[in-house]
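In the numbering used here, the protein residues as written are 1 to 481.
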């Protein structure tokens, strides 16, 4: 039913796109070349610049200020001077900045030791022989005190990462190192791509020296305005403080270009359009646009249909499953358990329940890090999937707590299963490798008893589990009748 409803939505959107595309093509058919050029020069380009500038202000200015704040932080300078042996302090500092502002990465490089630190602590010692470290040695030789770099992270689906680097100086202006943040910026590439594909605008950013510092991936080959003699001749006007629209010719093509200085980044936003893309013969444009509109509408229809189906499927999964362990979440368990409880009452069948908590889980996180803790949770979930039946309800209750509902299973049978599970987890070699000692669990076991309801069952189950905790952990307790 949802697919049919979504299909109707897609059909409506497709029809609207089709009508809109044809209407625009018909309107363009009667629009004169001068009117089109006037609109481009006085409306489209300025509006695009304003939209992009607003987006940049909203998403980049704050991270740049954060990076600058880190570079001027007296704690950082004092640590580099006197406390670099205590790596815990800088790890805690970088982690707090990363968590507070939701950055992908916070980092610090010590000029004295060449050590590179992130929110996870010491990462590596930089070397001039390592190409991946070249950015720092290049940056420290430059006269500018901060820079913005782009890179693509293979581990994040090749997402664009923007690094904002700031040099750190002591009171004598001696270089102490560099610090900054990294933030995922794939949306910027999408914005630039949108303006190129939908509006036929090429968008890029340059520094006061004319060097291109931000552009859509795999499009502009030019590295500096000096690479294009026609643009370089307009350099002084492009780099003016006041926003202005310029015209120039390149290889028999006419271009309109609008620049806007962004003082917070000390960079210039450039939006340019090739006039021929907007001023072709009206009749040819109408026929071409009409054909393209049909193709694009079909592509958009397929994309929208695919995205709607995937989005709905993903939403349904996220609403009912724990993203880390892929088990049902508490909400999904409660929904399914109500139905299971009703069937149990109706058919007078046994229903056993197991509720357990991983012992000393906070210690695992503290000693080995949250990544090891997450891996331990995933391994426990994997063992649960292997041990129990498809008809059993398995869920991550929250934190390090898990619950299993076993239809057709008595309390005695559930107790045997729970004990077997406890021993399996305690003896699991993968968990022992992660934590360097056996992982144990404390288990509570009960079953449905007339006239139980949800609250009485889980109150009894929770009490049993905490009895196991109080009795010394790594035990299985069942509730008293």
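We put the CB at the ideal spot given by N, CA and C, even for glycine.
CB-CB length for residue i against residue j, believed under 8 Å
i, j, result
"residue 246", "residue 49", "The Cβ separation is near 13 Å, so there is no contact."
"residue 368", "residue 435", "6 Å"
"residue 164", "residue 151", "Actually they are not in contact, since the Cβ atoms of residue 164 and residue 151 sit about 12 Å apart, beyond 8 Å."
"residue 77", "residue 172", "Wrong, their Cβ atoms sit about 11 Å apart, outside the cutoff."
"residue 400", "residue 361", "4 Å"
"residue 216", "residue 224", "That belief does not hold up - the Cβ atoms of residue 216 and residue 224 are roughly 17 Å apart, past 8 Å."
"residue 394", "residue 376", "That pair is no contact at about 17 Å."
"residue 407", "residue 391", "6 Å"
"residue 293", "residue 22", "7 Å"
Beta-carbon spacing of residue i, residue j below 7 Å
i, j, result
"residue 118", "residue 107", "yes"
"residue 198", "residue 359", "no"
"residue 422", "residue 476", "yes"
"residue 490", "residue 352", "Outside the shown range of the chain (1 to 481) lies residue 490, about which nothing can therefore be said."
"residue 330", "residue 397", "yes"
"residue 166", "residue 96", "no"
"residue 354", "residue 267", "no"
"residue 109", "residue 177", "yes"
"residue 451", "residue 409", "no"
"residue 271", "residue 45", "yes"
"residue 121", "residue 83", "no"
"residue 26", "residue 297", "no"
"residue 116", "residue 260", "no"
"residue 71", "residue 168", "yes"
Residue i (DSSP reduced to helix, strand or coil)
i, result
"residue 1", "Note on residue 1: pLDDT 46, under 50, position unreliable in the model; the coordinate value appears next. Three-state DSSP puts residue 1 in coil, outside helix and strand."
"residue 149", "strand"
"residue 360", "coil"
"residue 537", "No answer is possible for residue 537: the residues shown for the chain start at 1 and end at 481."
"residue 333", "helix"
"residue 378", "helix"
"residue 448", "coil"
"residue 389", "coil"
"residue 164", "strand"
"residue 465", "helix"
"residue 483", "There is no way to answer for residue 483, as the model of the chain reaches only from 1 to 481."
"residue 244", "strand"
"residue 14", "helix"
"residue 8", "helix"
"residue 21", "helix"
"residue 174", "coil"
"residue 39", "helix"
"residue 188", "helix"
"residue 183", "strand"
"residue 63", "helix"
"residue 423", "helix"
"residue 55", "helix"
"residue 429", "helix"
"residue 249", "strand"
"residue 409", "coil"
Buried or exposed by the 16-neighbour rule on C-beta atoms within 10 Å, applied to residue i
i, result
"residue 429", "exposed"
"residue 437", "exposed"
"residue 483", "Here the chain comprises residues numbered 1 to 481, so residue 483 is not present and cannot be evaluated."
"residue 1", "With a pLDDT of 46 at residue 1, under the threshold of 50, the modelled position of that residue is not reliable, and no figure is offered here."
"residue 415", "buried"
"residue 454", "exposed"
"residue 319", "exposed"
"residue 102", "exposed"
"residue 38", "exposed"
"residue 258", "buried"
"residue 311", "exposed"
"residue 441", "buried"
"residue 445", "buried"
"residue 11", "exposed"
"residue 189", "buried"
"residue 468", "buried"
"residue 233", "exposed"
"residue 488", "Since the first and last residues shown for the chain are 1 and 481, residue 488 lies out of range."
"residue 92", "exposed"
"residue 250", "exposed"
"residue 206", "buried"
"residue 98", "buried"
According to DSSP, residues forming a beta bridge with residue i
i, result
"residue 476", "443"
"residue 396", "402"
"residue 109", "116, 178"
"residue 259", "244, 270"
"residue 83", "DSSP output for residue 83 lists no bridge partner at all."
"residue 321", "328"
Any non-hydrogen atom of the ligand FAD within 6 Å of residue i CB
i, result
"residue 103", "Looking at this structure, you won't find the ligand FAD or any other ligand, since it has none at all."
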